[in-house]
Structure formats: C-alpha cells, structure tokens
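S.K.: Chains as they are written, first to last, in the working numbering: chain V, 1 to 731; chain D, 732 to 832.
Here a beta-carbon is modelled for each residue, glycine too, at the ideal position from N, C-alpha and C.
1. Flag residue 791(D) as yes if its beta-carbon sits less than 8 angstroms from any beta-carbon of chain V, otherwise no.
2. Tell me whether the beta-carbon of residue 75(V) lies closer than 8 angstroms to the beta-carbon of residue 463(V).
3. From the DSSP output, in three-state form, read off residue 783(D) for me.
4. If contact means a Cβ-Cβ distance below 8 angstroms, which residues of the region 769-787 of chain D contact chain V?
5. Helix, strand or coil: which one does DSSP assign to residue 53(V)?
6. Beta-carbon of residue 705(V) versus every beta-carbon of chain B: anything under 8 angstroms?
7. Kindly indicate which three-state DSSP category residue 60(V) falls into: helix, strand or coil?
8. Whole-angstrom Cβ separation of residue 330(V) and residue 446(V), contact assumed at under 8 angstroms?
9. Output the distance between the C-alpha atoms of residue 421(V) and residue 251(V), rounded to the nearest integer angstrom.
10. What separation, rounded to the nearest whole angstrom, lies between the Cα atoms of residue 223(V) and residue 278(V)?
11. Classify residue 771(D): buried if its beta carbon has 16 or more other beta carbons within 10 angstroms, exposed otherwise.
12. Would residue 333(V) and residue 86(V) be called neighbours here (beta carbons separated by less than 8 angstroms)?
13. Kindly indicate which residue of 405(V), 409(V), 204(V) and 350(V) has the alpha-carbon position closest to the one of residue 371(V).
14. Could you tell me whether the Cβ of residue 669(V) comes closer than 8 angstroms to any Cβ of chain D?
15. Taking C-alpha atoms, which residue in 385(V), 412(V), 228(V) and 123(V) lies nearest to residue 287(V)?
16. Quick one: which chain D residues come within Cβ less than 8 angstroms of residue 673(V)?
17. Does residue 700(V) get closer than 8 angstroms to chain D when you measure Cβ to Cβ?
18. Kindly indicate the opening and closing residues of the beta strand (DSSP E) around residue 67(V).
19. Determine the direct distance from the alpha carbon of residue 246(V) to that of residue 229(V), and round the result to whole angstroms.
20. For chain D, is any of its Cβ atoms less than 8 angstroms away from the one on residue 612(V)?
21. Please tell me whether residue 732(V) has its Cβ less than 8 angstroms away from any Cβ of chain D.
22. Taking just the CA atoms, how far does residue 815(D) sit from residue 826(D)?
23. Spatial neighbours of residue 38(V) within its chain, please: CB distance less than 7 angstroms, with the 5 preceding and 5 following residues excluded, ordered by chain position.
24. Would you list the residues sitting across from residue 794(D) in a DSSP beta bridge?
25. Residue 192(V) CB to nearest chain D CB: under 8 angstroms?
26. List the residues of chain V whose Cβ lies closer than 9 angstroms to the Cβ of residue 820(D), in chain order.
27. Quick check: is the beta carbon of residue 570(V) nearer than 8 angstroms to any beta carbon in chain D?
28. Can you tell me whether DSSP reads residue 695(V) as helix, strand or coil?
29. Find the residues of chain V that neighbour residue 757(D), judging by a C-beta separation of less than 9 angstroms, and give them in chain order.
30. Measure the alpha-carbon distance for residue 364(V) versus residue 96(V) and round it to whole angstroms.
31. Cβ of residue 763(D) less than 8 angstroms from any chain V Cβ?
32. Under 8 angstroms: do the region 229-238 of chain V and the region 194-207 of chain V share three or more Cβ pairs, one atom per stretch?
33. Which term fits residue 830(D), buried or exposed, when burial requires 16 or more other beta carbons within 10 angstroms of its beta carbon?
34. Could one say the Cβ of residue 514(V) lies closer than 8 angstroms to chain D's Cβ atoms, at least one of them?
35. Would the region 596-612 of chain V and the region 575-587 of chain V be scored as touching if the rule is three or more Cβ pairs under 8 angstroms?
36. If contacts are defined as beta-carbon pairs under 8 angstroms, then residue 137(V) and residue 217(V) qualify, I think. What distance do you get, rounded to the angstrom?
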C-alpha cells in the first residue's frame, strides 16, 4: 500500500519520456499510464472511503526534515480520482482531436508531465513536495499553452501564464517556509493551528500562501492569464484550464483550511476576492463571442465561487466547495470538449457564425444541453445540489450574491447553447464518435449528481463529517433556479447584441502585462547601454574607482597614523623619483615623458639597492635600459600621433586618479607596518643547500618556484612572438 | 622611511591612473609603467623593511626576506614583456592609421 501510494505520481512522470519517444502509439502510452493510476487509486480510495488514511514517505533532505511524503485522505483521494479519471477521457478525446498532428508524441508527454505533477500536488503531505509538484504543473501548462509555438499569441500567452503562476508560486514558497519554521515541521498533517495562528507572522504566512492560490486559480486581478491560455489545444483547455490545474489554488485553501482557516482574517481576505471574481467572470463571459473565451471566463467565475466557499472557513463551506468543483469539472469539461468538437468540424468558434448545429451534431448538442442544465443549476442536475449547499454555506448574508451570479451564469450557458438552435447552414457536418464519446461519462456525471442521492453524500462522507446535503425539493428552492434560468436566457439575448459592439478593452490584464514586460526590457536595455559603453576608458574609471573605494574604506577604517621615523639616504632617490613622475604627467613633450619614465625607473633601481635587493636593482636597470631604447625607437615614429586630447571628463579622471593614489599609498603603508612573517624566509635558508646555491632570491626563482619561472618564460616568448608579428610593416 | 616610500607609491599610482585614463596610447603605456613600479614597491614594503643585509647566505642576520624580491623579479620581467608588446601594438596601430589616412 505504501509503495503503491508513492508510485502513483511517478507512473505518468516515468511514462512521459516513453510517450515522447514512441511515434504512433504515444496516445496508448498516455492512456495506459492514466489507466494504471486509476487502478492504483482504487485501493487507496477504498481506504479513504472508510475513513482510513494511507501515507508513505521517502526521505529527501533529512537534515531539514523535508521528505517526499504522500498522504491520501478523502480530499486528496477525490482530487486524485478526478485527475486520473478526466485524464483518461482527455487522452481518448485528444487522439481524435489531434488527428495526424506530427507532434502528438510531445503533446502526450507534456500531458503526462502535467498529470504526474498534479497527482503529486494533491497527494503531497509535505509543504516543499507540494511546492515542487505545484511548479511542475505550471511548467507543463506553459508547454501546453505554447504547443503551437509557431504562433506569437501562443508563445506570449504561455509566457504570461507562466510568469503569473510562478511569481505567485514563489510567494507561496516563501509563505510555506515561514509556515514550516513557525510550526516546526513541513508535514502538512502535523501543522498545529494554534501555534501558527498565534504567531505574529500569521498574516504574512496567510498573505503569501494566498498569493499562490489566487494566481493559480485565476482570481481577479490576475485572472487574465486563464482566458489567454485558451490558445492551447482544446483538450488542454478542458483538462488543465478548467477541470484540474486551475483548481489547485482552491485545493490549497482547502488543504490548509484546518491550519490557517477559521479566522476573521481568512474570511475578510478571501471572501471579497472570491465573490468579486465570481460575478466579474460571469458578466464578462456573457459578453464573449468566442466559445472558448466564454467558457474561460465562466471558469474564472466558478473558481471565484469555489474560493469564496473556501473563504467561509467552515466545514460546510469546504464540502460545498469540493462538491461544486467536482460538478464544475464534469459540466465545464463537457462544454470544452463540445466547443472543441464544434471548432474541429466547423473551423470557427465565433458564436455569431454558428447556428443550427443540433441537426448535424445531435449527440454533441445533447451533451451540451445536459451540462448547461448543470451549469445553470436547474433541478435534477448536479449543479442544483452543489449550489444549494453553497447557499447554505454562504449563509443568509451572502446568499443574494449567489442568486445574482446564478442568473448571469445561466445567461452565458444559454449563449453557449445558441449555436445549436435556429436554422442555419446545416451542411455536411460530421460528428466523429471520438469527439463526443469521451465527453459522455462527464455529462452522465452531471445528471447522476443531481438524481442519485448517494453520490454527493459519498463525497461529503469522504471529506469527514457526514451531513445531509440532499436538497429538499420545495418550490421555494426550485422556483428561483427556474427563474434564474429564464432570466438568464433573456440576459443572453441582450449579451449577444452587446457583444458584437463591445469595444476591445483598452486596459485589460494582457496589455498591462505586456506593457510591464516591454518596460522591463527597455529598462534592461538602458542599463546595458549605461554600463557597457564600448569605451575602454569608461570601464577603467569604473574598475579603478570601485577598487579605490572597496580597498580604501577598510584601509582607512583601520589606519594607524604614521610616524615619519628614521630617514635614510634612499629618501634622496625618492625625491628624484617624485620629480620624474611629475614630469611624465605634466610635460607636453612625449620624448621628455619617456625619458622621465626612465628616470623613475633608475631611481627605483637605487631604492632597490638601498633596500638590500641587489638582484632587483640589476634586473630593473637592465629592463629600464632596454625599455628606454624601445620607447625611443617607437616614439620617434609616433610623435605626430601624440596630440593633447584630454577627455572632457578630465575632472572625473583627476578624482579617480587621486583616489587610487591615496588608497594605494595608504595600503602600502599599512602593509609595511604589520609584523612580517619570516617562516618562508627561514624555510628557504634551511633548504638552500638542497638547491645548491647561496643567493636566496635566485634559488627561489630557479628552484623553489621554478615552475612559475617556466610559465614566465613562456609568457615572454609569446609576447616576443607578438612583437615580432606586429613590428613587421603591414603589406 | 616607510611613510616616504608609501607616499611615493601613492604618487606613482595616481600619476599612472591619470595617464592610463587619457586617450594616447604611448602615455597609457607610460602610465602602466608607473603603476608597475608602484606595485613592485608595495610588495617590497609588505615584506617588511627589517633586513640589514641582502639575502645572500654568506651575509649575517637579519637578512631581507627573499620571497618578495623573487616575486618582484618576476613582475619586472613580465612588465617588460607587456611594455614591449604594447609598444609594438601602438606602432602597428599608428602604421595602419597612416595607411588609411
């Protein structure tokens, strides 16, 4: 049992590469994987049905107390069954829908990646495991929305969806970390509500987790990615963007309800967002002319209601939310599959171009009607049962919202059905069985939930406290539902007339997102141009300036104020050096500057001698002499190029130069005052016999550090080759 | 003495930076040469000016530390290589400009 549970998310994840590698049979691999998951869920679900909870774990970061932990209580088992069950139907549908699409293997592989991540998400009992799977679903969604990546809108929509959900996901991760640190464990089932809610960080935890839930479940104002995601192939819209993935946000609220919920903060932060999204989505849905856009806003609306139900923070609210989500998966899944079939056969999704399809596609029309009944919450449909419980959960204060929303919801349902009625071109449309049979079980579920009492009661039973959810059929309840449906049909007609004249919204979420994205790119561009000027001098100013400040601050902070101390005869050479340096800088004549550089070099030679470094003095004298000859050889040819052309920013140059000089001098002084270590010197003296010499400096160069010298010789050789190549007169 | 040498190091760095930030290649090479002198003197200073005698085994203690001297020796030679290369580069650039102009 334990191993079985751990394996459930892994089955689709492991099958994904297989599906990608197989050509024609990729759909079979996907079907097999979803079917296997469904079979594996049977024993798990039977445990959950009897109130037992299966759990298992593999250790992961044991030092941090993080593990791959799964746990299947009633809530998890219900969602897992939903994911796997709908997954089987979607694979069957996608096979007919995609036809001879050459990239079908990739499609099914992404679908399996999603299914595995989603199963892991709903079964996770560890906050970080949950987060990893959560982002897995975002990633799969990104690939699937952008499946037609040759189209700009598809790419842009997938980026929008990814950025919105991942930014929310990162906020959620921060919330999870805070939550785990406050509670002392990352195990969801062991989080203690009293510790968490008593903590001063509780509002932060709640706010960050809500950011994740709201972005994933497309609450206003970040809902816009979901309608945009409709560029994905329709099976994806049905599966990810209505039946399962977008419900993850609400699922998270329900999962953490026992820990974070039940407070005033929970209600006041979630309820308004949920109810606002509920009404907003429904109203905008009525005004759409595109079948899938209509359904997408309908989904936004439904997710709003589910969020609001979770926001009540009560057990009834939780039961109502789950019941409503399962019903929504059934009817909205069906409607998406119907929309896909209509588009597949007619080549358009515009309602105004579609009429009278019922004659050509009778089975599809029937399925659509059954699911719209459930959508409009007509009696004897699953929607009726769910909305009844929702009304109970919202209570008298908020019930009114529900009925207003019901009218508008019925209205967009009626708009959807318009395409099947009326007399229109009923040409030779087919309805292949592959495009409606997979929707049949979902439509049947819509009916069963409204007619077979045991079904909704079983759902509530799994969630914990069993209570009576079956509505009593009184006219007081049925009449508003019927009225809402009739009113909805009227609103639908109105919406149809408005939608054809509805102006494109100027500031919708898509455009704001695109504007922000463009602004970010412009900012990056400006920053790049500011920092990468392409002029060496500017880079030098930055490098030296930073070095001066970076090295200068610590040096000046720890400065010991100097005593002048004993002056020796070397001071005279310092004086000559100083004068020569000034000449290099101030002289207008290049020859004078070169000779002055030589003078600097010779005064350093004498300094070396005075400082007991005869080898250095010898070498420096040699080098200085040869350099001087080289300089003079070149200078005589380049005199004409040496026009004084100080950069206009000379003031900045002066500032940087002085800063570098001050810091270098201070650094040199500080370095000279520390007690020098004699350990290496002693080592060299001790082992000089082995090296066979008495001049310690020479021994270091040719023996103790002989390999360094080899590298040095190589560098000199390369430089010589370079000089040779450059000095030849170009032809 | 330390202070005087440190002041010379500072002056060498400041003058070298000033020349390096200008736009004439020969003056930049001169600037680089000044900075190289400054860096060498810094290393020598960091070794501490404790030695009264050159680091030859026959000399009595206290002898100067041979390690900084060996490092500077390497630096002087490498510095010479760079100077030569830069001079050749400047010469070639000038030659090309003349051909074009």
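M.R.: Taking the geometry as given:
1. As a position in the second chain, residue 791(D) is number 60, starting the count at 1. For residue 791(D), the answer is no, since every Cβ of chain V falls outside 8 angstroms of its Cβ.
2. For the purposes of this step, residue 75(V) is taken as the residue at position 75 of the first chain. For the purposes of this step, residue 463(V) is taken as the residue at position 463 of the first chain. Result yes, Cβ atoms of residue 75(V) and residue 463(V) sit closer than 8 angstroms.
3. Residue 783(D) sits at position 52 when you count from the first residue of the second chain. In this structure, residue 783(D) counts as coil in the three-state DSSP scheme.
4. Residues passing the 8 angstroms Cβ filter: 769, 771, 772, 773, 775, 776, 777, 778, 779, 780, 781, 782, 783, 784, 785, 786 and 787.
5. Residue numbering aside, residue 53(V) sits at position 53 when the first chain is read from its first letter. Correct three-state label for residue 53(V): coil.
6. Given the protein chain composition of this structure (V and D), no chain B is represented.
7. Translated into the one-based positions of the first chain, residue 60(V) becomes position 60. Three-state DSSP puts residue 60(V) in a strand.
8. Start at 1 with the first residue of the first chain, and residue 330(V) comes out as number 330. Start at 1 with the first residue of the first chain, and residue 446(V) comes out as number 446. That belief holds up - the Cβ atoms of residue 330(V) and residue 446(V) are roughly 5 angstroms apart, short of 8 angstroms.
9. Here residue 421(V) corresponds to residue number 421 of the first chain, with the count starting at 1. Here residue 251(V) corresponds to residue number 251 of the first chain, with the count starting at 1. The straight-line gap from Cα to Cα measures roughly 37 angstroms.
10. Translated into the one-based positions of the first chain, residue 223(V) becomes position 223. Translated into the one-based positions of the first chain, residue 278(V) becomes position 278. Those two C-alpha atoms are separated by around 11 angstroms.
11. Counting from 1 along the second chain, the entry for residue 771(D) is found at position 40. Under this definition residue 771(D) is a buried residue.
12. In the first chain, counting from the first residue as 1, residue 333(V) sits at position 333. In the first chain, counting from the first residue as 1, residue 86(V) sits at position 86. Yes. Within cutoff.
13. Numbered from 1 along the first chain, position 371 holds the residue referred to as residue 371(V). Taking only the C-alpha atoms, the option nearest residue 371(V) is 409(V).
14. For the purposes of this step, residue 669(V) is identified with residue 669 of the first chain, where counting begins at 1. Closer than 8 angstroms: yes.
15. Translated into positions along the first chain, residue 287(V) becomes position 287. Nearest C-alpha to residue 287(V): 412(V).
16. The residue given as residue 673(V) occupies position 673 in the first chain. What residue 673(V) touches in chain D: 733.
17. Counting from 1 along the first chain, the entry for residue 700(V) is found at position 700. Cβ-Cβ to chain D under 8 angstroms: yes for residue 700(V).
18. As a position in the first chain, residue 67(V) is number 67, starting the count at 1. Here the beta strand (DSSP E) through residue 67(V) covers 66-72.
19. The residue labelled residue 229(V) in the question sits at position 229 within the first chain. The residue labelled residue 246(V) in the question sits at position 246 within the first chain. Distance between the alpha carbons of residue 229(V) and residue 246(V): 11 angstroms.
20. Taking the first chain and counting its residues from 1, the one referred to as residue 612(V) is at position 612. Taking 8 angstroms as the threshold, the shortest C-beta distance from residue 612(V) to chain D falls below it.
21. Residue coverage of chain V in this structure runs from 1 to 731, which leaves residue 732(V) outside it and unanswerable.
22. Mapped onto the second chain, residue 826(D) falls at position 95. Mapped onto the second chain, residue 815(D) falls at position 84. Straight-line spacing of the CA atoms in residue 826(D) and residue 815(D) works out to 17 angstroms.
23. Within the first chain, numbered from 1, the residue matching residue 38(V) stands at position 38. Excluding sequence neighbours, residue 38(V) sits near 84, 85 and 88.
24. Indexing the second chain from 1 puts residue 794(D) at position 63. Answer is 784(D).
25. One-based indexing of the first chain puts residue 192(V) at position 192. No, because no Cβ of chain D sits closer than 8 angstroms to the Cβ of residue 192(V).
26. Position 89 of the second chain, counted from the start, is the residue given in the question as residue 820(D). Neighbours of residue 820(D) on chain V, chain order: 722, 723 and 726.
27. Indexing the first chain from 1 puts residue 570(V) at position 570. Yes, because at least one Cβ of chain D sits closer than 8 angstroms to the Cβ of residue 570(V).
28. The residue labelled residue 695(V) in the question sits at position 695 within the first chain. Correct three-state label for residue 695(V): strand.
29. Locating residue 757(D) in the second chain gives position 26, counting from the first residue. The answer, in chain order, is 590, 593, 594, 631, 634, 635, 638, 641 and 642.
30. Counting from one through the first chain, the residue named residue 364(V) turns up at place 364. Counting from one through the first chain, the residue named residue 96(V) turns up at place 96. So the two alpha carbons sit approximately 15 angstroms from each other.
31. Your numbering for residue 763(D) matches position 32 in the second chain. Taking Cβ atoms only, chain V never reaches closer than 8 angstroms to residue 763(D), which makes this a no.
32. Segments in contact, no.
33. Position 99 of the second chain, counted from the first residue, corresponds to residue 830(D). Per the 10 Å Cβ criterion, exposed.
34. Here the question's residue 514(V) lines up with position 514 in the first chain. Chain D, which has no Cβ nearer than 8 angstroms to the Cβ of residue 514(V), makes this no.
35. yes
36. By 1-based counting over the first chain, the position of residue 137(V) is 137. By 1-based counting over the first chain, the position of residue 217(V) is 217. In fact, because the Cβ distance is near 12 angstroms, the residues do not count as touching under 8 angstroms.
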